[in-house]
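Okay, so here's the structure we're looking at.
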Amino acid sequence: MWPRQFLQIGRVRSFGVKGLPGAPKSCLKVNHHICRRGPNLPISINSLRSRRAFTTTSAVMGYRNGRRTTEIEDIQYEMEQVNQTKWGYVIYRCTYSDDEAWNSLIEFLKTDTREWLKENNALDLAEKLDWKIVSDPQVLDRASTDQVRRLFAEWVGSEEARAEQTGAIYNAITTRQHFCVHVDAAALDSFVNRKIRNQKSGTWDYGWVNVVDGFWEVDPDCPPDEDDRLSNAGHMRVAVDSLLPSSYAYFDGSGQGAWYAVYEPPPFVWA
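Residue numbers (our numbering): 27 to 297.
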């Protein structure tokens with residue numbers, strides 16, 4: 027299932043898209059006004075704002091059965107297809123120098139998501155939201171996104187992950203099995219510092235975390251260009267207040283198509 031609608035597209039960039047079921051093998055180049063794509067990879071340059079810009083009744087994410095769908099409907103649809111019992115990112119804690127800041131970040135995520143689901147009458151989704159937080163200082167302290175990707179792949183193949191799906195499709199790739207969250211010192215600092223600053227300015231900027239593409243690998247047929255600051259790094263900074271449910275619903279089962287359509291490399295932030 028490919029994505030229906032996409033966020034702002036960045037400057038010209040090129041990257042390989044190897045490693046995903048059904049993925050086109052050619053390179054993709056995108057800029058603000060022109061989309062060049064490989065076969066079978068639909069691209070749209072319709073603007074998609076973060077959920078902060080929407081009212082609770084118009085958080086439009088996709089298009090299905092002749093009408094636009096909401097973030098809630100997209101998550102519910104994906105879960106129904108494979109009888110997924112849980113949703114939400116697996117979050118890897120990769121910094122351990124400030125427990126207070128870490129607890130503040132997690133509490134913000136939980137409260138922000140819970141309030142949004144309540145406002146949108148999605149209590150059934152609230153009950154199925156699973157905050158799987160992986161914390162192991164000996165293994166994860168200062169771990170890179172590549173290290174986290176390998177650990178995440180192990181979890182995706184585990185009995186625990188497979189048990190979350192009770193449908194006929196064996197270990198289907200949903201957002202939960204495709205993307206994870208990596209929080210290092212830089213990400214945590216961005217939350218702490220921007221939260222303090224923005225409490226004074228009244229803006230909605232609360233820093234960012236790294237969303238990691240669990241299937242990313244370098245394609246030797248389309249190597250990164252060292253001079254291209256928009257080459258795919260396999261992870262993307264996502265604004266804390268757009269993490270759940272916005273980015274999760276947006277990537278849903280289509281994952282790769284949406285990811286490459288909106289990809290912005292560090293230091294840019296998907297919001």
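Glycine residues also receive a C-beta, built at the ideal position from the N, C-alpha and C atoms.
Item                                                                                                                                                              : Value
Per DSSP, A265 is paired with what?                                                                                                                               : W234
Do V182 and Q164 have their beta-carbon atoms positioned less than 8 Å apart in this structure?                                                                   : no
Would you say H204 faces chain B, with C-beta separation under 8 Å as the test?                                                                                   : Annotation note: the requested chain B is absent from the structure, which comprises a single protein chain.
Per DSSP, what kind of secondary structure is R94 in: helix, strand or coil?                                                                                      : strand
For the beta strand (DSSP E) that I159 lies in, which residues bound it at each end?                                                                              : 158-161
When burial is assigned at 16 or more other CB atoms within 10 Å of the CB, is E104 buried or exposed?                                                            : buried
Whose CA, out of F217, V288, P271, lies closest to the CA of D239?                                                                                                : V288
Going by the CB atoms, is the gap between C206 and L166 shorter than 8 Å?                                                                                         : no
Nearest CA to the CA of D100: which residue from M262, A297, P271, I117?                                                                                          : P271
In chain order, what residues of the same chain have a beta carbon less than 6 Å from the beta carbon of V160, not counting five sequence neighbours either side? : Y118
Ignore the nearest five residues each way along the sequence and tell me which others in P293's own chain have a CB closer than 8 Å to its CB.                    : R263
Quick one: residues in its chain with C-beta nearer than 6 Å to the C-beta of A187, no 5 flanking neighbours on either side, listed in chain order?               : W181
Report all residues from its chain with a CB closer than 6 Å to the CB of T201; omit the five preceding and five following residues, and keep chain order.        : Y274, F277, D278
Please classify V86: is it buried, with 16 or more other beta-carbons within 10 angstroms of its beta-carbon, or exposed?                                         : Only weak support exists for where V86 lies, its pLDDT of 38 falling under 50; the value from the coordinates is given anyway. It counts as buried.
Where do the N-terminal and C-terminal ends of the alpha helix (DSSP H) with Y274 fall, by residue?                                                               : 274-277
Have a look at the DSSP bridge pairing and note the partners of V116.                                                                                             : K158, C206
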